[in-house]
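First the structure, in the form of structure tokens, and then the observations on it.
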Amino acid sequence: MTDHERLSTIQSYAWTLELLGEALVQHDEMLECEHNPQLSFRNTAGIHQAIRIISRLASEQVGKLEAMREEGI
């Protein structure tokens, strides 16, 4: 994977995190009128899990970029 591809991947991860964050905010607003707390909890947990996974993937890609940069110096 080239540096440009890696940076593009990180940018995609960041955009996805932004969208998930917005979904979480909207979901929290919806919870006020929700009558099924178990379903709401599962939805919230799923969004949080997705955020954790994508954050980890982004961190791995940044680490690889830093390692490649250090090797090139």
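Reminder that position 71 of the sequence shown reads as 70 in numbering that gives the first Met the number 0, one-by-one numbering, no gaps.
Ideal placement from N, C-alpha and C gives every residue a C-beta, glycine not left out.
Check: Could you spell out the range, first to last residue, of the alpha helix (DSSP H) harbouring residue 29?; Outcome: 2-30
Check: What number of angstroms, rounded off, separates the C-alpha of residue 48 from the C-alpha of residue 24?; Outcome: 15 Å
Check: With distances taken Cα to Cα, identify the nearest neighbour of residue 6 among 61, 70, 27, 56.; Outcome: 61
Check: Using the Cα positions of residue 57 and residue 22, report the straight-line distance between them to the nearest angstrom.; Outcome: 19 Å
Check: Can you check whether the CB of residue 64 is closer than 7 Å to the CB of residue 46?; Outcome: no
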